[in-house]
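Structure, as structure tokens:
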Amino acid sequence: MVKAEGVCKRFGPLEVLKGIDLEVQPGEVMCIIGPSGSGKSTFLRCINHLEKVDAGRLSVDGELVGYQQKGDKLYELKEDEVARKRREIGMVFQRFNLFPHMTALENIMEAPVQVKGSTKAAAREFGTALLHRVGLAEKEKNYPRQLSGGQQQRVAIARALAMSPKLMLFDEPTSALDPELVGDVLGVMRELAEEGMTMVVVTHEMEFAREVADSVVFMDGGVVVEAGSPDDVIRSPKHERTKAFLSRVL
Ligand code: ADP
Ligand code: MG
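Terminal number for the sequence shown in UniProt numbering: 250, no gaps in between.
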């Protein structure tokens with residue numbers, strides 16, 4: 001579903017990604033761990049067309065991100081083509097960014113109606129089902145300010161799912177939450193994983209990574225230092241940098 005080969009990204013003189021290689025299979029849950037500033041968010045943003053890759057190849061579901069291949073020539077995708085591809089990927093950020101003037105259900109209905117051309121009735125039916133799925137059936141008429149951070153984040157997950165994405169990206173989805181609200185959000189993500197969603201999750205929740213991830217990638221300084229099963233990377237890391245990081249977060 002995702003294939004990165006030598007992916008590089010720089011911001012001016014700052015080399016942020018220095019050749020990332022990894023593969024995410026359909027239905028796989030990959031957790032990316034690593035210290036702040038190691039390039040985790042930048043990598044997710046590259047997958048989701050929010051940043052352009054400078055070198056290397058990055059593809060989603062067999063198609064190069066940002067380019068179209070015709071014969072042996074590459075063409076940069078136009079804005080509307082990029083927008084179309086982005087709809088196939090759901091992204092959930094640390095900050096939930098719900099529309100404040102819309103209810104929970106309206107937040108979820110917005111993109112299907114405005115972007116995909118769903119009827120309001122169909123978007124409402126699917127939205128209601130999604131709210132039920134994230135445990136918030138009774139909150140559909142609530143505005144974001146009337147919801148806890150954890151509830152807002154679950155609405156944000158439902159909103160991403162409303163576009164029926166083939167890939168979900170999570171960038172530290174629980175880092176901004178009070179500790180007692182983290183569990184509900186992780187619970188929704190765990191269910192999503194069990195249903196077979198392909199997920200790339202940047203997280204500091206080591207227990208979640210250990211229990212839910214099929215693979216764990218430790219990034220540091222813009223490179224993949226170590227990758228493998230949760231047991232390999234979290235329980236018996238081989239590299240000193242991984243060991244040092246884990247000793248700080250575990
Ligand atoms: P992480 O998510 O692992 O904390 P980031 O991908 O957010 O790391 O950032 C990696 C590095 O890239 C940091 O040094 C950050 O300051 C820098 N960076 C990220 N985005 C930009 C940008 N748009 N312009 C300049 N520097 C950036
Ligand atoms: Mg980040």
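Cβ atoms here follow ideal geometry from the backbone N, Cα and C, with glycine treated the same way. All figures in this text were calculated on a predicted structure; none of them were measured in a lab.
The ligand MG and residue i: does the residue's C-beta get closer than 7 Å to at least one heavy atom of that ligand?
{"i": "V113", "result": "no"}
{"i": "D171", "result": "yes"}
{"i": "V202", "result": "yes"}
Who does residue i pair with in a DSSP beta bridge?
{"i": "E5", "result": "R57"}
{"i": "I170", "result": "The sequence as given places Phe at residue 170; Ile does not occur at that position. DSSP, once it has assigned bridges, lists V92, V201 as partnering F170."}
{"i": "E110", "result": "Note: E110 sits in no beta bridge, so no partner."}
{"i": "S215", "result": "M30"}
{"i": "V224", "result": "M219"}
{"i": "K18", "result": "C8"}
{"i": "Q69", "result": "L74"}
{"i": "V24", "result": "V2"}
{"i": "E63", "result": "V60"}
What is the C-beta distance between residue i and residue j, in whole angstroms, given that I count them as a contact (C-beta under 8 Å)?
{"i": "F218", "j": "V233", "result": "6 Å"}
{"i": "D184", "j": "Q94", "result": "Wrong, their Cβ atoms sit about 16 Å apart, outside the cutoff."}
{"i": "A176", "j": "G127", "result": "Incorrect: roughly 24 Å between the Cβ atoms, too far for contact."}
{"i": "D214", "j": "R241", "result": "No, D214 and R241 are not in contact; Cβ-Cβ is about 22 Å, not under 8 Å."}
{"i": "K166", "j": "M1", "result": "7 Å"}
{"i": "A193", "j": "V212", "result": "5 Å"}
{"i": "L105", "j": "R124", "result": "7 Å"}
{"i": "G66", "j": "L77", "result": "6 Å"}
{"i": "P144", "j": "Q152", "result": "5 Å"}
{"i": "G149", "j": "L169", "result": "About 20 Å separates the two Cβ atoms, so there is no contact after all."}
{"i": "G39", "j": "G222", "result": "4 Å"}
{"i": "V24", "j": "T198", "result": "6 Å"}
{"i": "R248", "j": "P230", "result": "About 18 Å separates the two Cβ atoms, so there is no contact after all."}
{"i": "Q157", "j": "V92", "result": "Looking at the sequence itself, residue 157 is Ile, so the reference to Gln does not match. Contact flag correct, Cβ pair sits at about 6 Å."}
{"i": "E51", "j": "K9", "result": "6 Å"}
Notebook entry, point to check: Near the ligand ADP, which residues have their beta-carbon closer than 5 Å to a heavy atom?
Noted result: F11, V16, S36, G37, S38, G39, K40, S41, T42
Next item on the list: Could you tell me whether the region 103-113 touches the region 173-190, using the rule of 3 or more Cβ pairs below 8 Å?
Entry: At 8 Å Cβ cutoff, the stretches do not touch.
Notebook entry, point to check: Does the region 77-86 come close enough to the region 137-150 that 3 or more CB-CB pairs lie under 8 Å?
Noted result: no
Checklist line | Stretch-stretch touch, CB-based, cutoff 8 Å, three pairs: the region 56-69 with the region 28-39 | finding: no
Notebook entry, point to check: Does the pairing of the region 42-61 with the region 95-102 give three or more beta-carbon distances under 8 Å?
Noted result: no
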